[in-house]
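Asker: Line by line, the protein sequences give chains A and B.
Each residue of the first sequence is one higher than the one before, counting from 1 in the UniProt record's numbering.
Each residue of the second sequence is one higher than the one before, counting from 1 in the UniProt record's numbering.
Protein chains: 2
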Amino acid sequence: MRDVCVVGLGLIGGSVLRAAAKAERQVWGAARSEEDVAAARAEGFDATTSLPEALSRAAERDAIVVIAVPLTAVESVLSDVAEHAPRVLLTDVVSVKQPVQEIVRRAVPEARFVGGHPMAGTAESGWSAGRADLFDGAAWALCLAHGTELAWWAEIAHLALELGAQVVPVTPELHDAAVARISHLPHVLAAVLAAVGAEAGPLTLSLAAGSFTDGTRVAGTRVDLVRAMTEGNRAALLPALDAALGMLGAARGSLASTGSLAATIEAGHEARRALAALRAAASTSVRIDLRAPDAAEALLALGEQGGRITEVEGGAAIGRVPGPSEQ
Amino acid sequence: MRDVCVVGLGLIGGSVLRAAAKAERQVWGAARSEEDVAAARAEGFDATTSLPEALSRAAERDAIVVIAVPLTAVESVLSDVAEHAPRVLLTDVVSVKQPVQEIVRRAVPEARFVGGHPMAGTAESGWSAGRADLFDGAAWALCLAHGTELAWWAEIAHLALELGAQVVPVTPELHDAAVARISHLPHVLAAVLAAVGAEAGPLTLSLAAGSFTDGTRVAGTRVDLVRAMTEGNRAALLPALDAALGMLGAARGSLASTGSLAATIEAGHEARRALAALRAAASTSVRIDLRAPDAAEALLALGEQGGRITEVEGGAAIGRVPGPSEQ
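Dropping the structure here:
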């Protein structure tokens, strides 16, 4: 088992550090925030404010380096990687994948890179919000891009599984389109809903209950983090916003002209049912030989069907895809 | 203490029945659903499928009648009220207030009516989803309309407080405008978000985590209930939809042209902070003499400031308004 070096000790990086330690990996962390480093050390973890030191150690031990900083800080961290660990086995947990892939290709072309994104988080941030069990049962998107070697992918998948997650093989493009709809659009809609409610004053907020509280929860996330992830996925977020605007405009038009919201409410109900059905679905076990020539295609097909990899062992990835189902 | 007759034994009516029994009121229920009535009886409650029987008993004992059916069924229930208990002390828990007020005026003009709306609920529905503690700490909007006598209002407020809620005095107009923003718009946005996510297929839903799950939760509510409340509040919902469309369109335009979502994300964050601040705010105790000539105005002013009534006793309403505060 390779050692692990985590760069960035916020919610996600701090949780990776804790979960990797719990999985008995040798793990150390680095962050620019003296506060996060001091907090990690106070809890007995190996952490430093010196990125060069942490990265040199990673190069020396051929460790996995996990980049866990916001998109806006990736370029700067990668210039340190290029200097101190240019050929390292590298992954990241940033919420957009095409932009990171491009920066990596430019900044550390010789790194063995596999982009990743654990679908876990809270409205909280920083070291103190992290937990060793943050990834338990969560999906961990892991990219197969042009040039990704399956041996690297399998090693990072193994780490993600050890941290408690289930791995979803995906291309950077499909990942970014998906998170635009299920992560970035929810943040924008939560902001809009919160603002429309609050602009009506205290009586309105005083009457707010479950539907408003749930619908606006992620609007409490730190502004810089939300901006980094939404603005960083601009190309994929624009069509998702257009889809939402189109559907909301159609709802408005239908309510004004006919008094009916049937199409909107039914589509939403059916979609929520599909989500519940996917989560509860019977599933079929799948075994993919990672040495087979079509292994990458098989992994991506599994991801596109809503499947997940739950084990990587002996040169094979074992997982489940939804179905057979009565839907 | 007056007896209570609850018409409709779904989530809200069933919870009123349970909570009123717990508060040691004499209470009985009536519903058209044989299933709900059988379930209520099986748990030891006094329930019947005969509305005329339940309402005649209410007239005889001068009980409070609580209408707890969807808006679309109100007219039909009120024709029974007009026949069997035309001058009863009447309230309702329907999610829109102007339409109910108008139907009551037309159908049972002699009833002593005070419209109400407890801000509590779940995505579940039916008798089995109800709970005696559903209203604990919840806001219960209670209308002061033209012609509402404060003595009636105080009696219904007393009942709502006994059920565990806090009472928000409000006009039907302000209520409907407020719930359009904090209840009906969240349902429409949840439906839009769910549909935009699901139309992208199983990979997208497989990656969905907290922000999508929370943002779409209320899309799981029964379609007929959501349609009844949103379509029933059409006049107030249209401007709320326009506000959301305007803000979402501005976000889209800004992202496309400048790459920034700053204005949207900041407004949403500030609004969510305002919600948290209102809930955590220091508050000042207020006592309103219900026999004073300006009592109704004082109650409505308290509601508009985000205040709540927590006690009705000895001809006075006692409550709290937010502030002083450091905001």
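Don't be surprised by glycine CBs; every beta carbon is placed ideally from N, CA and C.
Since we're looking at a predicted model, the values are computed, not measured.
1. Terminal residues of the continuous alpha helix (DSSP H) containing Glu-83(A)?
2. Which runs of the alpha helix (DSSP H) fall wholly inside the region 86-114 of chain B and span at least 4 residues, in chain order?
3. Using beta carbons (cut-off 8 Å, strictly below), is Ser-285(A) in contact with chain B?
4. Using the beta-carbon count (16 or more within 10 Å), is Gly-29(B) buried or exposed?
5. For Pro-169(A), name the three-state secondary structure that DSSP assigns.
6. Going by the beta-carbon positions, is the gap between Ser-211(A) and Ser-95(B) smaller than 8 Å?
7. Cβ closer than 8 Å: which chain A residues qualify as neighbours of Ser-206(B)?
8. I want to see whether chain B comes within less than 8 Å of Phe-212(A), judged by CB atoms only; does it?
9. Alpha carbon to alpha carbon, how far is Thr-49(A) from Leu-11(A)? Give it in angstroms, no decimals.
10. Quick check on the burial criterion: 16 or more other C-beta atoms within 10 angstroms. Buried or exposed for Asp-294(B)?
11. According to the Cβ coordinates, are Thr-91(B) and Gly-130(B) closer than 8 Å?
12. Against chain A, does Arg-217(B) count as a neighbour if the rule is that its beta carbon must be under 8 Å from one of theirs?
13. How would you write the range of the beta strand (DSSP E) that Thr-204(B) sits in, first residue to last?
14. Quick check: the region 269-285 of chain A against the region 219-228 of chain B, are at least 3 beta-carbon pairs closer than 8 Å?
15. Mind checking Pro-176(B): buried by the 16 CB within 10 Å criterion, or exposed?
16. In angstroms, rounded to a whole number, what distance separates the CA positions of Ser-283(B) and Thr-213(A)?
17. If the cut is a Cβ gap below 7 Å, which residues of chain A does Thr-264(B) touch?
18. Going by DSSP in three states, His-117(A) sits in which element: helix, strand or coil?
19. Identify each residue in the region 37-69 of chain A for which the Cβ-Cβ distance to at least one residue of chain B is less than 8 Å, and report them in chain order.
20. Could you tell me whether any Cβ in chain A is nearer than 8 Å to the Cβ of Ile-182(B)?
21. Leaving aside the five residues before and after Ile-156(B) along the sequence, list all residues of the same chain whose C-beta is less than 8 Å from its C-beta, in chain order.
22. Does the CB of Pro-99(A) have a neighbour CB from chain B at under 8 Å?
23. Whole angstroms are fine: how far does the CA of Met-247(A) sit from the CA of Trp-152(B)?
24. Which residues, in order along the region 227-240 of chain B, keep a beta-carbon less than 7 Å from a beta-carbon of chain A?
25. State the Cα-Cα distance for the pair Glu-199(A) and Val-4(A), rounded to the nearest angstrom.
26. Can you grab the Cα-Cα spacing for the pair Ile-103(A) / Leu-9(B), in whole Å?
27. To the nearest angstrom, report how far apart Ala-244(B) and Ala-190(B) are at their CA atoms.
28. Taking buried to mean at least 16 other C-beta atoms within 10 Å of its own C-beta, is Ser-325(B) buried or exposed?
29. Tell me which residues share the same chain as Asp-136(A) and place their Cβ nearer than 6 Å to its Cβ, disregarding the 5 neighbours each side in the sequence.
30. For chain A, check one thing: does any of its Cβ atoms lie closer than 8 Å to the Cβ of Val-223(B)?
31. Determine which residues share a DSSP beta bridge with Asp-46(A) and list them.
32. What does the alpha-carbon distance come out to for the pair Val-6(A) and Ser-206(A)?
33. Report the three-state DSSP secondary structure of Val-16(A) (helix, strand or coil).
34. List the DSSP bridge partners of Ile-288(B).
35. Does any C-beta atom of chain B lie closer than 8 Å to the C-beta of Gly-14(A)?
36. Are the C-beta atoms of Ser-325(A) and some chain B residue less than 8 Å apart?
Answerer: So, from the listed chains and residues:
1. Taking the first residue of the first sequence as position 1, residue 83(A) is located at position 83. That run of the alpha helix (DSSP H) goes 71-84.
2. 98-107
3. Walking along the first sequence from the start, residue 285(A) turns up at place 285. Answer no: the Cβ-Cβ gap between Ser-285(A) and chain B never drops below 8 Å.
4. On the second sequence, position 29 is the one that residue 29(B) refers to. Flag for Gly-29(B) reads buried.
5. By 1-based counting over the first sequence, the position of residue 169(A) is 169. Three-state result, Pro-169(A): strand.
6. To locate residue 211(A), count along the first sequence from 1; it is residue 211. To locate residue 95(B), count along the second sequence from 1; it is residue 95. No. Outside cutoff.
7. Here residue 206(B) refers to the residue found at position 206 of the second sequence. The contacting residues are Ala-139, Val-168, Leu-278, Gly-303, Gly-306, Gly-307, Arg-308.
8. Taking the first residue of the first sequence as position 1, residue 212(A) is located at position 212. So yes, Phe-212(A) belongs to the interface.
9. For the purposes of this step, residue 11(A) is taken as residue 11 along the first sequence, with counting starting at 1. For the purposes of this step, residue 49(A) is taken as residue 49 along the first sequence, with counting starting at 1. The alpha-carbon atoms of Leu-11(A) and Thr-49(A) are separated by roughly 17 Å.
10. Looking up residue 294(B) in the second sequence gives position 294. The residue in question, Asp-294(B), is exposed, as its Cβ has fewer than 16 Cβ neighbours within 10 Å.
11. Sequence index remark: in the second sequence, residue 91(B) carries index 91 (1-based). Sequence index remark: in the second sequence, residue 130(B) carries index 130 (1-based). Result no, Cβ atoms of Thr-91(B) and Gly-130(B) do not sit closer than 8 Å.
12. As a working mapping, residue 217(B) is identified with position 217 in the second sequence. Answer yes: the Cβ-Cβ gap between Arg-217(B) and chain A drops below 8 Å somewhere.
13. In the second sequence, the residue the question calls residue 204(B) occupies position 204. No beta strand (DSSP E) holds Thr-204(B); the alpha helix (DSSP H) holding it covers 202-207.
14. yes
15. Residue 176(B) sits at position 176 when you count from the first residue of the second sequence. According to the sequence shown, residue 176(B) is Asp rather than Pro. Under this definition Asp-176(B) is a buried residue.
16. Here the question's residue 283(B) lines up with position 283 in the second sequence. Here the question's residue 213(A) lines up with position 213 in the first sequence. So the alpha carbons of these two residues sit roughly 21 Å apart.
17. Indexing the second sequence from 1 puts residue 264(B) at position 264. Within chain A, the residues near Thr-264(B) are Val-188, Ala-191, Val-192.
18. What you label residue 117(A) is simply residue 117 of the first sequence in a count that begins at 1. If DSSP states are grouped into helix, strand and coil, His-117(A) belongs with the strands.
19. none
20. Residue numbering aside, residue 182(B) sits at position 182 when the second sequence is read from its first letter. Closer than 8 Å: yes.
21. Here residue 156(B) is taken as the residue at index 156 of the second sequence, counted from 1. If we look at Ile-156(B) and ignore the five residues flanking it on each side, its Cβ neighbours are Ile-64, Leu-89, Thr-91, Val-114, Gly-116, Leu-142.
22. Translated into the one-based positions of the first sequence, residue 99(A) becomes position 99. No, its Cβ sits nowhere closer than 8 Å to a Cβ of chain B.
23. The residue labelled residue 152(B) in the question sits at position 152 within the second sequence. The residue labelled residue 247(A) in the question sits at position 247 within the first sequence. Each residue's Cα considered, the two are about 44 Å apart.
24. Arg-227, Thr-230, Glu-231, Arg-234, Leu-237, Leu-238, Ala-240
25. Residue mapping note: residue 199(A) aligns to position 199 of the first sequence, counting from 1. Residue mapping note: residue 4(A) aligns to position 4 of the first sequence, counting from 1. If I take the Cα positions, the gap works out to 47 Å.
26. Counting from 1 along the first sequence, the entry for residue 103(A) is found at position 103. Counting from 1 along the second sequence, the entry for residue 9(B) is found at position 9. Those two C-alpha atoms are separated by around 60 Å.
27. For the purposes of this step, residue 244(B) is taken as residue 244 along the second sequence, with counting starting at 1. For the purposes of this step, residue 190(B) is taken as residue 190 along the second sequence, with counting starting at 1. For Ala-244(B) and Ala-190(B), the distance between alpha carbons rounds to 13 Å.
28. Numbered from 1 along the second sequence, position 325 holds the residue referred to as residue 325(B). With a pLDDT of only 45 at Ser-325(B), under 50, the local geometry of the prediction cannot be trusted, and no value is derived from it.
29. Reading the first sequence from its first residue, position 136 is the one you call residue 136(A). So the qualifying residues of the chain are Gly-164.
30. By 1-based counting over the second sequence, the position of residue 223(B) is 223. So yes, Val-223(B) belongs to the interface.
31. Along the first sequence, read from residue 1 onward, the residue named residue 46(A) stands at position 46. DSSP output for Asp-46(A) lists no bridge partner at all.
32. Here the question's residue 6(A) lines up with position 6 in the first sequence. Here the question's residue 206(A) lines up with position 206 in the first sequence. Roughly 43 Å separates the two Cα atoms.
33. As a position in the first sequence, residue 16(A) is number 16, starting the count at 1. DSSP places Val-16(A) in helix when its eight states are reduced to three.
34. Taking the second sequence and counting its residues from 1, the one referred to as residue 288(B) is at position 288. DSSP output for Ile-288(B) lists Ala-317(B) as bridge partner(s).
35. Indexing the first sequence from 1 puts residue 14(A) at position 14. So, not an interface residue.
36. Counting from one through the first sequence, the residue named residue 325(A) turns up at place 325. Because the pLDDT at Ser-325(A) is just 45, under 50, the model does not fix this residue reliably, and the value given afterwards should be weighed accordingly. Not an interface residue.
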